[in-house]
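In structure tokens, the structure reads:
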């Protein structure tokens, strides 16, 4: 568990946050064109992952706009 601050409020996470500079575990995601992509597809690139459950909810939609 890690402790973070969100809008001035202390929140405990489930699980641990990754260490700065650590590599992400391999993954497979669906791209915008519905093809499958994995971490290996981005080898040699700097990559930011912004993953959200659904654009149909106000909270998730707001997180995408603010990111």
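Residue numbers (my numbering): -1 to 65. We put the beta carbon where it would ideally sit given N, CA and C, even for glycine. Only a predicted model underlies this, so the values are computations on that prediction, with no experimental measurement involved.
Legend entry - Beta-carbon gap between residue 35 and residue 45 smaller than 8 Å: In this structure, residue 35 keeps its C-beta atom at 8 Å or more from the C-beta atom of residue 45.
Inset, instruction - Pull up the distance between the alpha-carbon of residue 39 and that of residue 19, whole angstroms please. - result: Going from the Cα of residue 39 to the Cα of residue 19 covers about 19 Å.
Inset, instruction - Report the partner residues of residue 7 according to the DSSP bridge assignment. - result: 4.
Inset, instruction - Answer yes or no: does any C-beta atom of chain B fall closer than 8 Å to that of residue 32? - result: Of the protein chains in the structure, only one exists, and it is not chain B.
Legend entry - Cutoff 8 Å; reference residue 8; Cβ partners in own chain excluding five residues on either side: 1 and 2
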